[in-house]
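Heads up: the sequence shown at position 206 corresponds to 206 in full-length UniProt numbering, and the numbers run straight through without jumps.
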Amino acid sequence: MGNTIIEKIIKRNTGAPTVSPGQIVTVNVDRVMIHDIFIPFVAEKFEEMGFTKLWDSDRVVLIYDHLVPASAVEDIRHFKIGDAFVKKYGLKNIHRNDGICHQLMTECGYAKPGDIVFGTDSHTTTYGCVGCFSSGIGYTEMASILGTGEMWVRVPETIKVVIDGKLPDNVSSKDIILRLIGDLGADGATYKALEFSGSTVEEMSVASRMTISNMAIEAGAKAALFAPDEKTAEYSEVEFSDVDWIYGDEDAEYCRTVVYKAEELVPVVACPSQVDKIKPVSEVGGTELDQVFIGSCTNGRLEDLKAAAEILDGKKVADFVKLIVTPASRKIYMEASKAGYLKILAEAGAIITQPGCGLCCGRAGGILTDGEKILATNNRNFLGRMGTSKVEIYLGSPKTAAASAVAGKIVAAE
Numbered sequence: 001m002g003n004t005i006i007e008k009i010i011k012r013n014t015g016a017p018t019v020s021p022g023q024i025v026t027v028n029v030d031r032v033m034i035h036d037i038f039i040p041f042v043a044e045k046f047e048e049m050g051f052t053k054l055w056d057s058d059r060v061v062l063i064y065d066h067l068v069p070a071s072a073v074e075d076i077r078h079f080k081i082g083d084a085f086v087k088k089y090g091l092k093n094i095h096r097n098d099g100i101c102h103q104l105m106t107e108c109g110y111a112k113p114g115d116i117v118f119g120t121d122s123h124t125t126t127y128g129c130v131g132c133f134s135s136g137i138g139y140t141e142m143a144s145i146l147g148t149g150e151m152w153v154r155v156p157e158t159i160k161v162v163i164d165g166k167l168p169d170n171v172s173s174k175d176i177i178l179r180l181i182g183d184l185g186a187d188g189a190t191y192k193a194l195e196f197s198g199s200t201v202e203e204m205s206v207a208s209r210m211t212i213s214n215m216a217i218e219a220g221a222k223a224a225l226f227a228p229d230e231k232t233a234e235y236s237e238v239e240f241s242d243v244d245w246i247y248g249d250e251d252a253e254y255c256r257t258v259v260y261k262a263e264e265l266v267p268v269v270a271c272p273s274q275v276d277k278i279k280p281v282s283e284v285g286g287t288e289l290d291q292v293f294i295g296s297c298t299n300g301r302l303e304d305l306k307a308a309a310e311i312l313d314g315k316k317v318a319d320f321v322k323l324i325v326t327p328a329s330r331k332i333y334m335e336a337s338k339a340g341y342l343k344i345l346a347e348a349g350a351i352i353t354q355p356g357c358g359l360c361c362g363r364a365g366g367i368l369t370d371g372e373k374i375l376a377t378n379n380r381n382f383l384g385r386m387g388t389s390k391v392e393i394y395l396g397s398p399k400t401a402a403a404s405a406v407a408g409k410i411v412a413a414e
């Protein structure tokens with residue numbers, strides 16, 4: 001019997017001759033990520049447990065992104081506690097204003113193919129885009145890892161997702177993952193790994209795969225994994241021959257297989273206020289908007305800004321609609337500026353912000369009020385996430401978002 005990707009990673013990490021779904025194992029953690037919201041709780045729990053030093057300061061990454069720049073006085077407490085923790089325990093990897101944690105973890109090479117990585121954020125599943133087993137945990141588990149370097153996991157079952165064919169021009173990986181979440185349901189992959197393959201996946205950029213792995217948690221997934229290829233190796237700065245063992249065997253056992261034909265996929269949106277409430281754009285087309293947001297760890301990458309710029313080039317954002325654009329990292333911001341994308345977006349009327357989580361978590365400007373509607377490219381549309389509980393949040397792709405910003409209502413890109 002062969003193995004799925006996640007089974008192979010766990011076997012290699014633990015040295016176990018075999019692993020099977022449901023088995024409890026203790027893994028050696030390759031890297032951890034803590035962000036600004038959780039650092040006070042992690043720091044307190046770490047010392048409460050009696051630890052006096054980190055298991056390996058090189059393997060710990062602290063990133064300020066949700067609260068940057070501070071939009072409330074109490075936010076500053078998180079930075080002060082974080083800085084004190086850095087100084088006391090000798091943390092070496094800290095990013096205070098470089099962008100969103102999930103973008104930086106792969107962009108800076110902290111999470112690489114075959115690694116096991118945990119973070120204090122549910123969207124830590126993102127790093128599966130490079131073939132890394134990554135998952136979100138709470139602050140108690142994180143404090144324990146900081147002291148021991150180990151973490152128990154239950155080996156997940158795996159759902160295989162196969163996508164073959166060529167995507168229509170106005171359909172992107174965001175539409176794929178939204179469709180999958182709609183089909184599985186918000187709890188349809190709970191504590192399961194999602195493993196993606198097929199000719200469509202092979203043609204995707206690492207950034208497009210990142211969008212899919214980022215949102216896997218919205219179906220409850222423990223992890224979302226792609227087999228590394230030459231594109232992955234180049235992005236992660238590793239030799240492909242060192243990671244070519246990371247793939248699902250043909251005779252691996254999957255608990256379910258989901259198959260899509262790319263040509264049959266259409267632009268979709270998640271409707272208020274559940275991520276699995278998916279409808280084709282054609283069914284909600286014409287819904288008037290007050291605001292559009294392009295950014296987040298889901299869709300704030302260079303190819304996303306390029307897609308938006310291509311649609312907005314020579315056009316203007318509709319009257320009475322605000323378009324907020326937030327690059328996922330400082331590197332992306334600079335690359336988009338050099339490529340001219342930010343100039344196009346600014347000329348179209350976009351508000352371009354500093355890299356960070358921004359409006360996705362309702363911080364740093366752009367919140368809305370009762371009765372207002374927004375189309376956003378981030379990963380969640382829960383009640384109260386972007387203002388009051390009566391704000392209606394739709395989620396869609398950067399192409400759909402850009403086209404809708406021009407139209408002033410939800411439309412699909414041509």
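C-beta atoms are modelled at their ideal positions from N, C-alpha and C, and glycine is treated no differently.
| Query | Result |
| --- | --- |
| Rounded to whole angstroms, how far is the Cβ of residue 453 from the Cβ of Trp-245, which I believe are closer than 8 Å? | Any question about residue 453 goes unanswered here, given that the chain covers just 1 to 414. |
| According to DSSP, what are the bridge partners of His-35? | Ile-63 |
| Quick one: Cα of Ser-208 to Cα of Gly-131, how far? | 14 Å |
| Is there contact here, the segment 400-414 with the segment 311-323, by at least three beta-carbon pairs under 8 Å? | yes |
| State yes or no: is the C-beta of Pro-17 within less than 8 Å of the C-beta of His-78? | no |
| In chain order, which continuous runs of the beta strand (DSSP E) of length 3 or greater are located wholly inside the segment 269-335? | 278-280, 291-295 and 322-326 |
| Among Ser-71, Met-151 and Glu-303, which one has its Cα closest to the Cα of Cys-25? | The residue asked about is misnamed: residue 25 is Val in this sequence, not Cys. The candidate whose alpha carbon is nearest that of Val-25 is Met-151. |
| Which residues mark the beginning and the end of the alpha helix (DSSP H) in which Thr-18 is found? | Counting along the chain, Thr-18 falls outside any alpha helix (DSSP H), and DSSP gives it neither H nor E. |
| Indicate whether Ala-189 and Ile-212 have their beta-carbon atoms separated by less than 8 Å. | no |
| What residue range is occupied by the uninterrupted alpha helix (DSSP H) comprising Arg-256? | First-last for Arg-256: 256-261, but that is the beta strand (DSSP E), not the alpha helix (DSSP H). |
| Hey, Thr-388 and Thr-369: beta-carbon distance below 8 Å or not? | yes |
| Unbroken alpha helix (DSSP H) runs of length 4 or more, entirely within the segment 116-165: which are they? | 139-148 |
| Between Ala-219, Gln-354 and Glu-288, which lies nearest to Met-334 when the distance is taken from Cα to Cα? | Gln-354 |
| Say whether the segment 51-60 touches the segment 95-102, bearing in mind that this needs 3 or more beta-carbon pairs closer than 8 Å, one atom from each stretch. | no |
| State the CB to CB distance for the pair Ala-224 and Gly-128, rounded to an integer number of angstroms; the pair is presumed to be in contact (CB under 8 Å). | 4 Å |
| Considering just the uninterrupted stretch of the beta strand (DSSP E) at Phe-226, what are its terminal residues? | 223-226 |
| Within a Cβ cutoff of 6 Å, which residues of the same chain sit near Gly-314, ignoring the five residues on either side of it in sequence? | none |
| Let me make sure I understand the geometry here. Which of Leu-194, Val-171, Lys-373 and Cys-297 has the alpha-carbon closest to that of Ala-413? | Val-171 |
| Could you tell me the distance, in whole angstroms, from the CA atom of Glu-250 to the CA atom of Thr-4? | 9 Å |
| Does the segment 269-288 come close enough to the segment 195-203 that 3 or more CB-CB pairs lie under 8 Å? | no |
| Going by the CB atoms, is the gap between Ala-376 and Ile-311 shorter than 8 Å? | no |
| Determine the contact status of Ala-328 and Ile-100, defining contact as a CB-CB distance below 8 Å. | yes |
| Going by the DSSP bridge assignment, what does His-392 pair with across the sheet? | Per the sequence shown, residue 392 should be read as Glu rather than His. BP columns for Glu-392 point to Lys-373. |
| Taking the CB atoms as reference points, tell me whether Ala-350 and Val-325 lie closer together than 8 Å. | yes |
| How far does the beta strand (DSSP E) with Asn-28 in it reach, from first residue to last? | 24-28 |
| Which ranges does the alpha helix (DSSP H) cover as unbroken runs of at least 4 residues, wholly within the segment 171-259, from first to last along the chain? | 173-184, 199-203, 206-215, 230-236 and 240-243 |
| Helix, strand or coil for Ile-100, going by three-state DSSP, please let me know. | coil |
| Rounded to whole angstroms, how far is the Cβ of Ile-177 from the Cβ of Asp-290, which I believe are closer than 8 Å? | That belief does not hold up - the Cβ atoms of Ile-177 and Asp-290 are roughly 25 Å apart, past 8 Å. |
| Mind reading off the beta-carbon distance from Pro-113 to Thr-232? Whole number of angstroms is fine, and I expect it under 8 Å. | 6 Å |
| Once you ignore the five residues that flank Lys-343 on each side, which residues in its own chain have a CB closer than 8 Å to its CB? | Ser-337 |
| Thinking C-beta only, is Asp-242 closer than 8 Å to Gln-200? | The question names Gln, but residue 200 in the sequence shown is Thr. It is not a contact, given that the beta carbons lie outside the stated cut-off. |
| Less than 8 Å between the CB atoms is what I'm expecting for Phe-85 and Gly-147, so what's the real figure, rounded? | At roughly 13 Å, the Cβ-Cβ gap does not stay under 8 Å, so Phe-85 and Gly-147 are not in contact. |
| Alpha carbons only, please: which of Val-19, Glu-203 and Gly-220 is nearest the one belonging to Ile-181? | Gly-220 |
| Under the assumption that Ser-236 contacts Leu-383 (Cβ atoms under 8 Å), give the Cβ distance between them as a whole number of angstroms. | About 37 Å; that fails the 8 Å criterion. |
| Please confirm whether Ser-135 and Thr-126 have their CB atoms less than 8 Å apart. | no |
| Could you pull out every residue in the same chain whose Cβ sits closer than 6 Å to the Cβ of Ala-364, ignoring the five residues on either side in sequence? | Ser-71 and Gly-358 |
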